[in-house]
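Enquirer: In our numbering, the protein residues as written are 8 to 106.
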């Protein structure tokens, strides 16, 4: 079973990424960050949404899409331990990519 610490870490990453992605400007997204986010969304879909395509709904909802897919990988939403751990790693990688 995933420790509550891992779930808490994922909650913290969700909070951080929501703020970070929301704060990005169009030029910052154009500098490659959009690609990093879209890649993370595809990886998260593989983890928690059976690889369903993530629609490109534009820059204004990128943060929402990240939050939803990460939240789906939390134990309280029925995610397995492995899903939570994988999602945490994807979230951490994305945060570093956006720095």
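Ideal Cβ positions, reconstructed from N, Cα and C, are used throughout, including at glycine.
Would you please state the rounded distance, in angstroms, between the beta carbons of residue 92 and residue 13? I believe it to be under 8 Å.
Expert: 6 Å
Enquirer: Return the first residue and the last residue of the alpha helix (DSSP H) that residue 31 is part of.
Expert: Note, residue 31: premise wrong, no alpha helix (DSSP H); not H, not E.
Enquirer: Can you list, in chain order, the residues of its chain whose CB lies under 7 Å from that of residue 62, leaving out five sequence neighbours each side?
Expert: Correct list: empty, nothing qualifies.
Enquirer: Leaving out five residues on either side along the sequence, give the residues of the same chain with a beta carbon under 8 Å from the beta carbon of residue 28.
Expert: 44, 69, 70, 73 and 105
Enquirer: Measure the CB-CB distance between residue 81 and residue 17 and report whether it falls below 7 Å.
Expert: Yes.
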